[in-house]
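Chain order of the listed sequences is A, B and C. This note's numbering numbers the first residue of the first sequence as 1 and each following residue consecutively. This note's numbering numbers the first residue of the second sequence as 131 and each following residue consecutively. This note's numbering numbers the first residue of the third sequence as 590 and each following residue consecutively. Every residue gets a Cβ at the ideal spot worked out from N, C-alpha and C, and that includes glycine. Just so it is clear, the structure is predicted and the values come from calculations on it, not from any experiment.
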Amino acid sequence: MTLKYDSTLKYAETDEWAKVEDDVVVVGISDYAQDALSDIVYVELPEVGDEIGAGDAVATVESVKAASDINSPVSGEVIEVNEALEDTPEMINEDPYGAWIFKVKASDLAELDALMDADAYEAFNENREH
Amino acid sequence: MRYIPHTEAERQAMMAAIGIQDIDELFAAVPADYRYPQLDLPEPMTEMEVMRELEMMAADNANLREFASFLGAGAYNHFVPAVVDTIISRGEFYTAYTPYQPEISQGTLQAAFEYQSMVAALTGMEVVNASHYDGATAVAEAAVMAVNIQRHKRRTILISPTLHPQYRQVLRTYTQGMDLKIVGDELEGHDFHALIDMCNKDTALVVVQNPDFLGKLHTPQEMQDLADAVHAKGALLAVATDPIALGLLTPPGDYGADIVTADGQVLGNGLNFGGPYLGIFAFRAKHMRKSSGRLVGETVDVDGNKGYVLTLSTREQHIRREKATSNICSNQALNALVAAVYLAAMGKHGLRKAAELSWHKAHYAAQKIDQLPAYGVANDTPFFKEFVVTCPRPVSEINQYLLEEYGIIGGYDLSQDYPELGNAMLLCVTEMNTREEIDDLVTALQEAANPQIRLEVTQ
Amino acid sequence: MKYDAYIYDLSTPGRTGVDLPEPDVPETPIPAEFVRDELPLPELSLPQVTRHYLRLSQKNYAVDKGFYPLGSCTMKYNPKVNEWSSRLPGFAALHPLQDPLLTPGAMGLMYDLQNMIAEIAGFDAVSLQPAAGAHGEFAGVLIMRAAQLARGETQRHKILVPDSAHGTNPASTAMAGFTAVQIPSDADGNVDIDALKAKLDDEVIGIMITNPNTLGLFESNIVEVCELVHEAGGLVYGDGANLNAIMGIVRPGDLGIDVMHFNLHKTFSTPHGGGGPGSGPVGVVAELAPFLPGPIVDLNDAEDAYIWKQPEQSIGRVKSFHGNFGVMVKAYTYIRMLGAAGLREVSETAVLNANYMQARILKSGNYPIPYGHRFCMHETVAQGKIPGAEDVHTLDVAKRLIDYDYHPPTIYFPLIVHEALMMEPTETEDKETIDEFLDTLDKIAEEARENADLLHQAPVNAPIRRLDEVHAARKPVLIRLP
């Protein structure tokens, strides 16, 4: 099946996507990630107000057979979480790029330079084992 | 050959198919220097001989079918209906594995789900897991769960001095590598006020026992007040309790407990010299994803028929590995089945009756013993089936007398665990003790108080 | 006929099951403030209870029913004489806190079992207190921690764990406060020695190793692995789940293992009970004996009575009382019946059976065996990748086996083998049973090529069909009360 890539977003090797809105970074997981997990049953969200570092595991996305840590691409403070995911975690399967997980007020936007663009991420995935 | 069905011809045929001449070839990877050690073990026996041998070893023990017993302290002689053994002796139950293939394990799974439901009713809680190893490890798992719920920001576990000494030991063993503080049981006095005073921003969990290890029963109001005080400080409350008592008394779920633990040994599991027992573990639904231990859930199959599966498995070791909520794999499934059959067979009326009988017999014993001039029972302290008896001489001497002269196994010697109580015995009376046994006990205690009787404790 | 009654649905208000006698003592009033409002337990008659549970049992598969080749679980026949001995009143009706002078038979059994396990596996001391393998494993990791601290090695905090390890290994590591560091396996299925050397330093507590490993293979380099770890100041923990392959063949303690747990409910024939109770004793070399969990059984100074002894620097108590004694009686009975010669025959036959399966599967060509170039030990790991049936997976093969009245092998473990199908026949299965099972596997491969839907729809012959696990996990219903 063909995986989708949103060309307006940046991507981490650990399959998170990031969207920048002024100094706020919105984070979700890619189509590749939701496909690998298959039916998502639960999302453990961080708490608003948490201070986090780039690379920290701040959330978890669970299917029946696996639990995946979601790493924040940037450091900063969690300012919003997508509470709709508590009731309908499957939104991430249906619309991975629309169903954001959390938003971070970034302390250093330069950290985003370490992320890939859509083409680079797609190429990265070609070399991975499914 | 015992349990090995192969004939010589079959072995030869199999070796030929593998392409070997000798079994040795299969073990070529084993370092030659260490291969085929001579094991110094007793000679093998036939079934007939082993039965004779085990019968002799068993006969060497003074068991509770032959001796009256007033020993409790965490393991109890309660009635076990015959139907329990009938059910768990069915090969379909006891020789099955963990129900990882639910289509052919619905017996195990439904029985476990029913156990979860009945124990939820018993404890007044919303979720019950499919078992931990025993009452002690259940407390340890409660502590780990609480620290998890508190997101690792609170690192103190406050424990009551009247929580079973072995439970406190196991809790400390479990948490020795977790950088947690376990305090509270150094306090003197056995009320909750000192514990509440110690509760602060770093307290993840407060653990108490009701009825406590010394038998004392706290009122539901006292317990609710404790829960409120603990919650006001942002901590959680775990209560260890007695499942038989819950046939009669207010359950911890009704007075604010966040986690309820117990040992289900009393629900039909027998004494068995200490195990296998049953760790009962119950908690509020909002914490379910931080819990440990297996959970059975209801669902449907592809045809829409109701069925049961192990669920929320991502908490567990086989998926989450180092991030699992616990490393537990095998639990005490058959002992949980025992508890389910027991609860089903006794039902609400039978369980209540067992609790009432224990209450009445224990209170009768306490009153009669308190009347003996040399002994004291704090009868104004409410209790369920166990109480503390202050004795005129060391408990070990009294128990020696009880055994030798009356064939009675006396209560638990508290001098090791609670030296501040002096010569104190923890006496337990259940529905299994007859009036005659109790009256004999009272007579024996009176006699044993006589300082003229010299008792040398053999050891 | 399908039976699907739920226990609460069978309840009728006022119905009673077991009767108890009236009090033979004067009654003491029970203050109303203590009494609970209601007790929502079912109200059933004894005939109802008996029928309900009998019917439930009939929905189960069990090793008393048929072949149960679950890898790493050692589903061997559970001898009935073990059940008999564990139920003797002289064992079953003993309170754990009785004076030792009243229970010499029980303590003697434990003392002998401690020694027999030590002898079989090549250790110096054993504690029977842990209630399950994972429990014994956790105790083992705590023992390693305590020993290193006692040596003054406070900087050690990592434990090396092979990528093929059972999930309990890293979980136990984390519970002890340590970090699990993964070591890859090489092309022969052994721990990669070069990778091991690269990861050994003075921050390593030790290694957790399973031998035979979860690929069913004997670690060819085990002696070298132990030496390397010891040289780096580390300790070696052995996961004894697979001991059924090596009794009387080799002793882990002789190879350099320092601490090991055992599964009485695997190797020593005690029943699995639907998920327990098990028993997970832990054995150690002399240096580590002071750290064992306790109390354990020992002899007094005069050596004429058994006593409870807490090892001098014990990690502490890991369970209330003495461990799962009822399970110990079964294992003890088994070892007394078999003796040294019998145990060796057990392991030889277990390994023979597994290699026979491997040979026939390799010959049929329907299921690849990635390490089939080596003799396996007591289990073999195949893959549910049937040539010519690319859209059929291990899960489908497993579910179709159910239709043929078999319990499937272990699936999707070990993680390092894609589409793993791990099969452990054990020594109590005869050639005929194994042949029939393998014939069925081949038949399923044919079905996979010709009519894969039979596998995708499977099972159709079970008490229930494939269950919706997603639904169960999304909105969990974990109890149902009226």
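V41(A) versus chain C: which residues are under 7 Å apart at the beta carbon?
V1059, A1062, R1063
Starting from T511(B), trace the alpha helix (DSSP H) both ways and give me its first and last residue.
Unbroken run through T511(B): none, as it is neither H nor E.
Looking at C-alpha atoms only, which residue of P801(C), F767(C), S809(C) is the closest neighbour of E792(C)?
F767(C)
Using the C-alpha atoms, what's the distance from A226(B) back to P1014(C)?
15 Å
Bridge-paired residues (DSSP) for N649(C)
Answer by DSSP bridge pairing, in chain order: S235(B).
When burial is assigned at 16 or more other CB atoms within 10 Å of the CB, is Q530(B) buried or exposed?
buried
State the Cα-Cα distance for the pair P211(B) and Y472(B), rounded to the nearest angstrom.
Cα to Cα, the separation comes out at about 7 Å.
Given a cut-off of 8 Å, decide if F102(A) and N127(A) are closer than it, judged by their beta-carbon atoms.
Not closer than 8 Å, so no.
Straight-line CA distance for V213(B) to G603(C)?
20 Å
Looking only at DSSP bridge pairs, what is Q771(C) linked to?
Looking at the DSSP assignment, Q771(C) forms a beta bridge with V750(C).
Going by the DSSP bridge assignment, what does Q339(B) pair with across the sheet?
Paired residues: A370(B).
Below-8 Å beta-carbon distance, L487(B) vs any chain C residue
yes
Chain-ordered neighbours of V64(A) on chain C, where CB pairs are closer than 7 Å
E1058, V1059, A1062
Leaving aside the five residues before and after A1041(C) along the sequence, list all residues of the same chain whose C-beta is less than 8 Å from its C-beta, in chain order.
A978, D980, V981, D985
Contacts of W897(C) in chain B (Cβ-Cβ under 7 Å):
Within 7 Å Cβ-Cβ: nothing; W897(C) doesn't reach chain B, min ~11 Å.
To the nearest angstrom, how far is the alpha carbon of G480(B) from that of I410(B)?
20 Å
For the 8 Å Cβ check, are there 3 or more pairs between the region 930–950 of chain C and the region 1011–1029 of chain C?
yes
Contacts that T444(B) makes with chain A (C-beta to C-beta distance below 9 Å):
The answer, in chain order, is V41, Y42, T60, E62, S63, V64, K65, A66, A67.
Which residues in the same chain have their Cβ closer than 6 Å to the Cβ of T757(C), if we skip the five residues on either side of it in sequence?
So the qualifying residues of the chain are A723, E726.
Please name the residue, chosen from P636(C), A830(C), L633(C), Q771(C), that lies closest to N800(C) on a Cα-to-Cα basis.
A830(C)
Assuming H684(C) and A205(B) form a contact by the criterion Cβ under 8 Å, report the distance between their Cβ atoms to the nearest whole angstrom.
6 Å
Would Q687(C) pass as an interface residue toward chain B - the criterion being a Cβ-Cβ separation below 8 Å?
yes
Using 10 angstroms around the beta-carbon of D992(C), count the other beta-carbons present and answer buried if the total reaches 16, otherwise exposed.
With 16 or more other CB atoms across the displayed protein chains lying within 10 angstroms of its CB, D992(C) is buried.
Under a three-way DSSP split, which group does N71(A) fall into?
N71(A): strand per DSSP, three-state reduction.
Distance CB(V20(A))-CB(L109(A)) smaller than 8 Å
yes
Under DSSP, the beta strand (DSSP E) around D436(B) begins and ends at which residues?
Before going on, a small fix: residue 436(B) reads as Lys here, not Asp. Note, K436(B): beta strand (DSSP E), 436–441.
Within 8 Å, do at least three Cβ pairs link the region 411–427 of chain B to the region 438–457 of chain B?
yes
Element boundaries [beta strand (DSSP E), containing D163(B)]
Unbroken run through D163(B): none, as it is neither H nor E.
So the alpha helix (DSSP H) H1045(C) belongs to, where does it begin and stop?
1042–1045
Of the residues E820(C), H1007(C), H861(C), T969(C), the one placed nearest G221(B), counting alpha carbons only:
H861(C)
Cα-Cα separation, T999(C) to T1029(C)
17 Å
Excluding sequence positions up to five away, which residues of its chain have a Cβ less than 6 Å from the Cβ of V43(A)?
V61, L85, P89
Identity of the residues DSSP links to K10(A) by a beta bridge
A18(A)
Between A834(C), Y595(C), K988(C), R1063(C), which has its C-alpha nearest V1049(C)'s C-alpha?
Nearest Cα to V1049(C) within the set A834(C), Y595(C), K988(C), R1063(C): K988(C).
Is the separation between the beta-carbon of P882(C) and that of I896(C) shorter than 8 Å?
no
Are at least three pairs of beta-carbons, each pair with one atom in the region 491–499 of chain B and one in the region 648–657 of chain C, less than 8 Å apart?
no
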